[in-house]
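Those letters in the sequence shown? Residues 1 to 245, by UniProt numbering. We put the CB at the ideal spot given by N, CA and C, even for glycine. Since the structure comes first, as structure tokens, the remarks are kept for the end.
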Amino acid sequence: MAWLRPSLMPTAMNRIILANAFGLKLPQINGVNPRPIRQVVRLAAKFFCSKVSSFACSILGRFSFYFWGVKAGNGLIVRGFLRIHNGGKFLIGDNVRINSGSSNFVGGDRRMSFWIGSKGVLEIGNRCAISNSTIACRNRIKIGDFTFIGGGCSIYDNDFHQVNPTDRINNRGSIGTGPVDIGSHVFIGAGVTILKNVSIGKGAVVGAGSVVTKSVGAYELWAGAPARFIRNIAVADHESIDGLE
């Protein structure tokens, strides 16, 4: 690269840049203070590495979806490494953003995980954003358009194991399941758990750390463990989104 040629910069400057690139320390040389240059080099290296890492993770994420037979729309953005098991049907709409691991500090470095059983159907609508969460689907989970799901959330449409202890020990009997339907323009705060047989209406908000065991109405704010109704969301807050469907 031409800008590294010694003829284009002072020798002292060359020495400082090369020293910083290799992690060496140099005192002030010929009146040139190395500290600002060191800071610039570090910022440039950090920016370059983050871009390369983000691009590589995005490519690997899209490959993971392809490998597991996920049908994804246009404009999918994947940041960080994912865990995926798709034994059923997994559909993703257009312009969806998925954050995993350190790409979203709110999720505490938790990896985004999708698990779909042989009879499960998971649908994620257009322009959704999901971070550092776990979605386990044996029945059906549907997430509407423009819905945001914060870091560290868990969405389960099943009990994972039999409720009866004898059946559980002997691995017999059915496992309870029930659909989860999350409407459009919903905001799920960080650390929320949503359990089976729950629907969340359009424009609803669920506060951080809540455990949702009952259905939430449209334009309602719920919070708590178990989650309970707090208040309605004012009409003025959601008038502008009614025409976006």
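Practice item. Using three-state DSSP, classify N158 as helix, strand or coil. Key: strand
Review point. Can the beta-carbon of G117 be found closer than 8 Å to that of R140?
Key: Between G117 and R140, the C-beta spacing is not below 8 Å.
Exercise for review: From the DSSP output, read off the bridge partner residues of K89.
Suggested key: V121
Review point. Using a Cβ-Cβ cut-off of 7 Å (strictly less than) and excluding sequence neighbours within five positions of F229, which residues of its own chain qualify?
Key: Excluding five sequence positions before and after F229, the CB atoms of its chain that fall closer than 7 Å to its own CB belong to E220, W222, given in chain order.
Check your understanding: By a C-beta neighbour count over all protein chains shown, 10 Å radius and 16 as the cutoff for buried, is D145 buried or exposed?
Key -> Of the other Cβ atoms in all chains shown, 16 or more fall within 10 Å of the Cβ of D145; this residue is therefore buried.
Review point. Mapping DSSP to helix, strand and coil, what is F229?
Key: It is a strand residue.
Exercise for review: Thinking I182 and T147 are a contact (beta carbons under 8 Å), I'd like their distance in whole angstroms, please.
Suggested key: Between T147 and I182 the Cβ distance is about 6 Å, and since that is below 8 Å, they are a contact.
**Study point:** Unbroken stretches of the alpha helix (DSSP H), 4 residues or longer, contained in the region 144-202
**Key:** Correct list: 165-170.
**Study point:** Beta-carbon spacing of A204, V186 below 8 Å
**Key:** yes
Check your understanding: Roughly how many angstroms lie between the CA atoms of G125 and V198, to the nearest whole one?
Key -> 18 Å
Review point. Rounded C-beta distance between N95 and R79? I'm assuming under 8 Å.
Key: The pair is not a contact, with the Cβ atoms about 14 Å apart (cut-off 8 Å).
Exercise for review: Report buried or exposed for A225, applying the criterion of at least 16 other Cβ atoms within 10 angstroms of its Cβ.
Suggested key: Exposed is the call here.
Point to revise | Sequence-distant residues of the same chain with beta carbon closer than 7 Å to G191, five excluded per side | key: Closer than 7 Å at Cβ, skipping near neighbours: G152, C153, A208, G209.
Review point. Mind checking whether G101 and D109 have CB atoms under 8 Å apart?
Key: yes
Practice item. Specify, as a first and last residue, the run of the beta strand (DSSP E) that S113 falls within. Key: 112-116
Practice item. Please go through the same chain and pick out, in chain order, the residues whose beta-carbon is closer than 6 Å to the beta-carbon of R83, but skip the five residues on each side of it. Key: R111, S113
Review point. Rounded to a whole number of angstroms, what is the C-alpha to C-alpha distance between R97 and G217?
Key: 26 Å
Check your understanding: Thinking C-alpha only, which one of L91, N86, G87, F67 is nearest N74?
Key -> When each option's Cα is compared against that of N74, the closest is L91.
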